[in-house]
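Reading through the C-alpha cells given below for one structure.
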Amino acid sequence: MKIVIAGAGDVGFHLAELLAFENQDIVVIDTNQDVLDFASSHLDVLTLKGDAT
Numbered sequence: 038m039k040i041v042i043a044g045a046g047d048v049g050f051h052l053a054e055l056l057a058f059e060n061q062d063i064v065v066i067d068t069n070q071d072v073l074d075f076a077s078s079h080l081d082v083l084t085l086k087g088d089a090t
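Numbering (our numbering), first residue to last: 38 to 90.
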C-alpha cells in the first residue's frame, strides 16, 4: 500500500515507524528539514520537504 503522512512530528514519526515495520511504501511530508533528515535516517521512508496543505 502507498501511504502519505503529512507531518513528521511525534505522531507522524510514530505512525511512519509502525507502517514501515509492515513494509508499506511511505512518503512523509514536512516543512522542517531536520525532522525529515531524522525520519529518513531512522526509517525506511521517502521524505519530501514541503507544505502538505
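Glycine is no exception: its CB is placed at the ideal position from the N, C-alpha and C atoms. Just so you know, these numbers come straight off a predicted model, no measurement behind them.
Can you tell me which of Lys39, Lys86 and Val65 puts its alpha carbon nearest to the alpha carbon of Leu80? Against the sequence shown, residue 80 aligns to sequence position 43. Answer by Cα proximity: Val65.
Within 10 angstroms of the Cβ of Phe58, are there 16 or more other Cβ atoms? Answer buried if so, exposed if not. Start at 1 with the first residue of the sequence shown, and residue 58 comes out as number 21. With fewer than 16 other Cβ atoms within 10 Å, it is exposed.
Is the distance from the Cβ of Ala45 to the Cβ of Phe75 below 9 Å? As a first step, residue 45 is located in the sequence shown; it is residue number 8 there, counting from the start. As a first step, residue 75 is located in the sequence shown; it is residue number 38 there, counting from the start. In contact: Ala45 and Phe75 (Cβ atoms closer than 9 Å).
Which residues does DSSP list as the beta-bridge partners of Leu85? By one-based count along the sequence shown, residue 85 stands at place 48. Leu85 is bridged to Ile66.
Contacts around Leu27, its chain only, beta-carbon distance under 6 Å, and the 5 residues preceding and following it disregarded: Since the displayed the chain opens at 38 and closes at 90, residue 27 lies outside it and no answer follows.
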